[in-house]
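Structure record follows, encoded as structure tokens.
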Ligand code: NAP
């Protein structure tokens, strides 16, 4: 019997995870199946689906919106990244216990450093947005050696509160939070990451062109949308290095796969299959 894994979310039909993990399993010769489970909109749907999946012999789950917080809450053991993110995106069932991890930030760092070839050590990083994606990205970015991290959000107080909460956990890497308007004062960043959901509604965060240092990377966590409003804004500001979040998605999946199976998959095939040109 193949080992069972799944991704759970609501809605879930759009999920690329079954395709990605199917490719990984094929390439590494792992005897496993991977399905998508809709946890539904009703309260308790995630917990019920989780119980059923474990009872049917499930070995691990990827967790996507809106269940990432609930996934951390059900865990017996959680990594520090997951605890600081306040959310888990991968679960493993072993020895009767539920273990939780959050690989989103690690996936982002691997995409930037390995796939895009930009070492983060010594770079000034601007994170736009103060939601779950930013929360999960800060610690891995600091661990990669970022010189300084700034969180800028439409609602400035949310960014300030988040920065104050996370700063003590970054081994001295400076982290500050504030509003988008403060960016007009002129600090420039070598890496500018859009972790807002603005692109999904056809908008871009209001960002001055001076925020992009010469040669900066502009990275939109949204994927599969081509040239998003944020990437268009970055290009108009003279930024030539543009990327969307498809590599982050694929790399967080590879981290989960390696955690579950003990084998690190090559991500190139999945990346090639899912990449939408930025045009
Ligand atoms: P979230 O928790 O809902 O946070 C949304 C953030 O976007 C908030 O800070 C919000 O600001 C800001 N925002 C929304 N509309 C805006 C606008 N028009 N202008 C400026 N700011 C705006 O969302 P999340 O979970 O952090 O996810 C953020 C994005 O990352 C989503 O697009 C998601 O798809 C993407 N993501 C991608 C991956 C991947 O693997 N590639 C993984 C995780 C997330 P306020 O606080 O002012 O409301």
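Residue numbers (the numbering used here): 12 to 290.
Quick reminder that beta carbons are idealized off the backbone N, C-alpha and C, glycines included.
Chain-order list of residues whose beta-carbon lies under 8 Å from that of residue i (same chain, five-residue window excluded)
i: residue 247; result: 220
i: residue 206; result: 138, 139, 140, 142, 144, 145, 148 and 232
i: residue 274; result: 39, 41 and 268
i: residue 53; result: none
i: residue 28; result: 18, 45, 47, 73, 75 and 264
Where residue i sits in the DSSP three-state scheme
i: residue 125; result: helix
i: residue 117; result: helix
i: residue 199; result: coil
i: residue 23; result: coil
i: residue 246; result: helix
i: residue 98; result: coil
i: residue 236; result: coil
i: residue 69; result: strand
i: residue 137; result: strand
i: residue 53; result: coil
i: residue 89; result: strand
i: residue 275; result: coil
i: residue 132; result: coil
i: residue 105; result: strand
Nonlocal neighbours in the same chain, by C-beta distance under 7 Å from residue i, ignoring five residues either side
i: residue 79; result: 98, 99, 100 and 143
i: residue 109; result: 85, 86, 87 and 102
i: residue 214; result: 240
i: residue 25; result: none
i: residue 157; result: 131, 134, 136 and 184
Under 9 Å between C-beta atoms of residue i and residue j
i: residue 147; j: residue 92; result: yes
i: residue 252; j: residue 218; result: no
i: residue 163; j: residue 170; result: yes
i: residue 126; j: residue 256; result: no
i: residue 145; j: residue 173; result: yes
i: residue 72; j: residue 31; result: no
i: residue 224; j: residue 135; result: yes
i: residue 234; j: residue 285; result: yes
i: residue 57; j: residue 68; result: no
i: residue 159; j: residue 184; result: yes
i: residue 237; j: residue 288; result: yes
i: residue 117; j: residue 262; result: yes
i: residue 64; j: residue 48; result: yes
i: residue 167; j: residue 197; result: no
i: residue 150; j: residue 104; result: no
i: residue 96; j: residue 115; result: yes
i: residue 272; j: residue 12; result: no
i: residue 46; j: residue 16; result: yes
i: residue 222; j: residue 199; result: yes
i: residue 186; j: residue 177; result: yes
i: residue 112; j: residue 270; result: yes
Terminal residues of the beta strand (DSSP E) in which residue i lies
i: residue 12; result: No beta strand (DSSP E) contains residue 12, which DSSP labels as neither H nor E.
i: residue 77; result: First-last for residue 77: undefined, no H or E at that position.
i: residue 41; result: Element bounds for residue 41: n/a, residue is neither H nor E.
i: residue 255; result: 252-255
i: residue 226; result: 223-231
i: residue 110; result: 108-112
i: residue 159; result: 159-164
i: residue 187; result: 186-190
The alpha helix (DSSP H) enclosing residue i, as first and last residue numbers
i: residue 144; result: 143-154
i: residue 56; result: 56-66
i: residue 182; result: No alpha helix (DSSP H) holds residue 182; DSSP gives it neither H nor E.
i: residue 170; result: 167-177
i: residue 284; result: 279-285
Buried/exposed call for residue i, threshold 16 Cβ in 10 Å
i: residue 62; result: exposed
i: residue 212; result: exposed
i: residue 59; result: exposed
i: residue 254; result: buried
i: residue 290; result: exposed
i: residue 66; result: exposed
Sequence-distant residues of its chain with Cβ nearer than 6 Å to residue i (five each side left out)
i: residue 129; result: 123 and 228
i: residue 119; result: 148 and 259
i: residue 265; result: 276 and 278
i: residue 161; result: 137 and 187
Interface flag, residue i vs chain D, CB-CB below 9 Å
i: residue 54; result: Checking the listed chains, one finds no chain D in this structure; it contains a single protein chain.
Contact test: residue i Cβ vs the ligand FAD heavy atom, cutoff 8 Å
i: residue 212; result: The ligand FAD is absent from the structure shown, which contains only the ligand NAP.
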